[in-house]
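Notes follow once the structure below has been shown.
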Amino acid sequence: MSFSRVYTVLAGYERRFHFTRSVHRPMASASGPPAALSAEQAKVVLAEVIQAFSTPENAVRMDEARDNACNDMGKMLQFVLPVATQIQQEVIKAYGFSCDGEGVLKFARLVKSYEAQDPEIASLSGKLKALFLPPMTLPPHGPPSGGSVAAS
């Protein structure tokens, strides 16, 4: 499951449980318009988010969530992703993003938009993903065994 797919699942999870629609968001009104960060600012925020994961309190929270997930992708979405989202929220709210899952999604989209242009952002983004997404093994590519596909 790709990083963007996980965030898409998170958005669906939030809609399903009414997190973003029913929770009062005082930070969004206090912070004004949605955050628009330059590539350099995005690097700073990414570095701060990565650093936040290494604080003792957050490291314990993530370890407990990973232990509860038992390397099961469904349980990762249930236990690990919400903790990772909260840790990111704590950092990005200072940069004008709303303090909810929607703010994290907007931040992720912003970072994704800079990844192709800036190898340092791509590297930092990869480090961030590795903090809360399990390593993925890709299935082998090629024709399926057992025959060929007939043209129609």
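Under our numbering, the first residue of the sequence shown is numbered 117, with each subsequent residue one higher.
Yeah, the Cβ is synthetic: ideal placement off N, Cα and C, and Gly gets one too.
Computed from a prediction, not measured in an experiment: that's the story for all the values here.
Through-space distance from residue j to residue i, alpha-carbon basis
i	j	result
Lys243	Gln202	17 Å
Ala224	Tyr230	10 Å
Pro256	Asp188	21 Å
Asn184	Thr171	20 Å
Ser239	Met178	21 Å
Sequence-distant residues of the same chain with beta carbon closer than 7 Å to residue i, five excluded per side
i	result
Ala158	Leu226, Val227, Tyr230 and Ile237
Leu153	Val161, Tyr211 and Leu226
Glu164	Val207
Residue i, buried or exposed, once every other Cβ within 10 Å from all chains shown has been counted against 16
i	result
Gly190	exposed
Ala246	exposed
Glu180	exposed
Ser241	buried
Val176	exposed
8 Å Cβ shell around residue i - same chain, five flanking residues per side excluded
i	result
Ala155	Tyr230, Gln233, Asp234 and Ile237
Pro250	Asn187, Met189 and Met192
Ala280	Within the shown structure, residues of the chain are numbered from 117 to 268, placing residue 280 beyond reach of any answer.
Chain-order list of residues whose beta-carbon lies under 6 Å from that of residue i (same chain, five-residue window excluded)
i	result
Ala200	Phe248
Three-state class that DSSP yields for residue i in the structure shown
i	result
Asn187	coil
Asp179	helix
Gly212	coil
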